[in-house]
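Chains as they are written, first to last, in the numbering used here: chain V, 1123 to 1478; chain B, 9 to 579.
For each residue, glycine too, the CB sits at the ideal point set by N, CA and C.
A short write-up of the structure that comes next.
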């Protein structure tokens, strides 16, 4: 068809009959469907109209008449709601909590009604305005016939033979050899997504002499300021109070105990006047351990309920965490403020392969 | 139709057909039959939630700034004015309070995400319990599981974007879990976050994954899912006249088109209504993320609950060997429970095929009771998941019910193992009981309540046979009736050598378990025909796909009647 270079007149899709469409040859009574055809086919041969598939009228006409009015009412309701939505958008400003709440209420309500009325109307339309049908369609086996399979096999084999892929091993093997590094290349390309971990997970920013600042007000603390046993507060390293990357590992809790309450394996040399410091980062998956129960000295992680005994070196009492919270060595500086005596002696936070 | 409309339609139709030659395929499309059942709407809920997610999500991208640059907030929400926060959080506040309709779109987006995942879950349960995953629909089952997996990640990543305290905590947990994976975990975490947690790259990266990468994959998978459903035609429940060789229902045009359009609007209306009256994820109450802060009783979105619960009930096992740390307490709960459910789900259709040797096409659904073992296994999985899911909220449950938290965790540790076993057993007994009831109905008919005294003085209750519609439903694919059962044998009934190997014997034993059921007596008294012999309309005519490669030869016996009658007819 392309090769012939023949031009078909517009509006004619048929290959066999490149005749102009009009006039129709009408033999006998034209089928009723002809007058309403959407895609006027060329008059190849007179097509007998197929038997009606769907009845044109609903089974219950009275019901349909009532339903029609309901459907129309719902569609009008939807229209009004949509107009209401536009009006609410234009008329209601946002910019404060109260104004946003009002705007959200009217926008949401009008939107719900606009969609909902349309949906209900359409369902009533299908249910009561359209005839009930239950039609059967045949289901053919999904697999191809033997012949189709055989033909496919022939075509495939012919192609394979013509390509020489089978009989030219040199081409085949070098092609396979070429694709392997090609597949590796994009993986290599992703290498610079992030730095290698190195030993960074083993350290925090805590250094000898670094002051403990109370989280929030960011003020240093003397042991005397924190004198009531049973308290727990969060502290951050001086100079890093706004550094999220540093805080993600270095956030620490300090707890005050009465004399004699602290027991091993708490390292007593690392405490100051019954004040002990532990990492706030849970050794399970790294949530901040934020809950403290004074009477039992239990520190509880709110994420997965790992429970640590603060009086006994924060050892695990319950829950999925496997290791105690690391203890931060404390001392005081010349001005009498609480400071770190060193960094943590072991990695803080959740476990990792290289931790050892 | 008026003359102008006619002309317009004719013109449009001709315009396309001249260029595309689509009259015939489009007509076939318009006439495509869709069977009707409420449970077939579950997948549609997921589909339409996805479309609503695309629409509302696109709106949100016009205003959201996926940046972790620190800014000082000066927007409409007064309690947070002057607070330092990331641009991501500040722009989410702006969407909520400074963009008209922004809060509504945000809430619809979140509710639609929950509905999307929930609908996928319920849809998959429907597919499993009715056996709709069986040949030829295994591909679509696998695509569905992949969609489900992506949907969970999509939800998690989207939830992490606003950079509020809750989402930051969720991200920290994700990072901790990733870091625990042996050998690759630490590198994986550093590559994903561009260094240590939290860094400055994670939100832009999650953003592009959330708005482009996963949605594109989901769109492709959903298209494939729909295409296959369309190509293979929808399954149908057993009923009068419904066989493996037909599909009964209403045509696409105009019925299904309008119904499904209405359903889309209805889902949109429900989501809009929820977003009007049910507040979700009020990030302004949580505050910006800070690694030192956390709130008690915080909960992830519901689809993360099972993972959360698995993390909570795991005992604190950790090994240090050869200078390496194996955090069993983290990576086992993170990978194993969902691995069992997703992996087991993916393998099940093939395992079932191998055990039963049933390689026929199935287009008529099973009633769950008629596949007692499968239903039992499904309920075991539901229980397993359910215990983990509930345990994900153990702090809230403990608080509400005043049960000590540790006691509750110990209960869950046992329940996660014993629960599925009990669920399997109980479900199977219930299914067999229901089968027995159905068999009774078929054999003795429906009780009428009329008592008659016989001449001998004996009283009997009259029964009437079950009607045609019900008989078609009750009889379809009863275990013991039209099933291919029994070990693979040759023509003389001698088991093949393969069947005598340990693997073969295991298979035979599993086959006996999987096909366990209450048979309907072949010559059931009362109503005559029992198992569909010669009962053309009710008998499941199996359409076989060419050869039954590797399929067990149909063993001799009276069992073959119903299914194989149709089988041979199809050849």
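Would you kindly work out how many angstroms separate the C-alpha atoms of residue i and residue j, rounded to a whole number?
i	j	result
residue 382(B)	residue 474(B)	27 Å
residue 1139(V)	residue 22(B)	The predicted position of residue 1139(V) is uncertain, since its pLDDT is 41 and thus under 50; no value can be drawn from it.
residue 1172(V)	residue 51(B)	35 Å
residue 1319(V)	residue 1309(V)	18 Å
residue 128(B)	residue 1304(V)	37 Å
residue 310(B)	residue 62(B)	21 Å
residue 107(B)	residue 303(B)	28 Å
residue 1424(V)	residue 1409(V)	8 Å
residue 205(B)	residue 195(B)	12 Å
residue 1220(V)	residue 1395(V)	51 Å
residue 1435(V)	residue 357(B)	52 Å
residue 352(B)	residue 133(B)	14 Å
Quick one: does residue i have its CB under 8 Å from some CB of chain B?
i	result
residue 1226(V)	yes
residue 1336(V)	no
residue 1373(V)	yes
residue 1474(V)	yes
residue 1233(V)	yes
residue 1414(V)	no
residue 1477(V)	yes
residue 1319(V)	yes
residue 1218(V)	yes
residue 1185(V)	no
residue 1152(V)	The pLDDT assigned to residue 1152(V) is 48, lower than 50, so where the model puts this residue is not dependable; a value taken from the coordinates is nonetheless given after this. Output row for residue 1152(V): interface = no.
Which residues in chain B have a C-beta closer than 7 Å to the C-beta of residue i? List them in chain order.
i	result
residue 1453(V)	Ordered by position in chain B, no residue passes the 7 Å Cβ test against residue 1453(V), which lies about 23 Å from the chain.
Name, please, each residue of chain B whose Cβ falls closer than 8 Å to the Cβ of residue i.
i	result
residue 1444(V)	324, 325, 326, 335, 337
residue 1244(V)	266, 267, 269, 270, 273
residue 1440(V)	414, 417
Excluding the five sequence neighbours on either side, which residues of its own chain have a C-beta within less than 8 Å of the C-beta of residue i, listed in chain order?
i	result
residue 236(B)	145, 147, 148, 151
residue 1344(V)	1454, 1458, 1459, 1460
residue 202(B)	208, 209, 210, 213
Since residue i meets chain V, which of its residues come closer than 8 Å, beta carbon to beta carbon?
i	result
residue 104(B)	1222
residue 254(B)	1258, 1259, 1260, 1261
residue 52(B)	Simply none; closest approach about 13 Å.
residue 41(B)	1257, 1258, 1259
residue 108(B)	1211, 1214, 1215, 1216, 1225, 1229
Name the chain V residues whose beta carbon is nearer than 7 Å to that of residue i?
i	result
residue 403(B)	1427
residue 413(B)	1427
residue 190(B)	1475
residue 280(B)	1230, 1233, 1234, 1237
What does a CB cutoff of less than 6 Å around residue i pick up in its chain, not counting 5 residues either side in sequence?
i	result
residue 391(B)	427, 428, 431
residue 1152(V)	Note that residue 1152(V) has pLDDT 48, beneath the 50 cutoff, so the model's placement of it is unreliable and no number is given.
residue 155(B)	229
residue 1235(V)	1203
residue 1439(V)	1429, 1431
residue 458(B)	470
So which residues of chain B does residue i contact, with C-beta pairs closer than 9 Å?
i	result
residue 1369(V)	298, 299, 300
Quick one: list the residues of chain V neighbouring residue i, beta-carbon separation under 9 Å, in chain order.
i	result
residue 262(B)	1176, 1248, 1252
residue 383(B)	In chain order: nothing, as chain V lies at least about 26 Å away.
How about residue i: is its C-beta nearer than 8 Å to some C-beta of chain V?
i	result
residue 454(B)	no
residue 332(B)	yes
residue 205(B)	yes
residue 441(B)	no
residue 183(B)	yes
residue 82(B)	no
residue 241(B)	yes
Given residue i, which residues of its chain have a CB within under 7 Å of its CB, disregarding the five upstream and five downstream residues?
i	result
residue 37(B)	260
residue 1323(V)	1469, 1474
residue 247(B)	477, 480, 481
residue 424(B)	321, 392, 395, 396
residue 57(B)	120, 123, 124, 127, 275
Does the segment 1189-1199 of chain V come within contact of the segment 1230-1244 of chain V, defined as at least 3 CB pairs closer than 8 Å? yes
I'd like to know if the segment 244-260 of chain B and the segment 36-48 of chain B are in contact, where contact means that at least 3 CB-CB pairs between them fall below 8 Å. With a cut-off of 8 Å, the segment 36-48 of chain B and the segment 244-260 of chain B count as touching, because enough Cβ pairs lie within range.
Quick test of the definition: if touching needs 3 or more C-beta pairs under 8 Å, does the segment 1369-1376 of chain V touch the segment 1321-1338 of chain V? yes
Taking 8 Å as the threshold, find out whether the segment 262-274 of chain B comes into contact with the segment 67-74 of chain B through three or more Cβ pairs. These segments do not touch.
I want to know whether the segment 452-461 of chain B touches the segment 204-217 of chain B - three or more CB-CB distances under 8 Å. no
Given 8 Å, three or more beta-carbon pairs between the segment 1465-1476 of chain V and the segment 183-194 of chain B: yes
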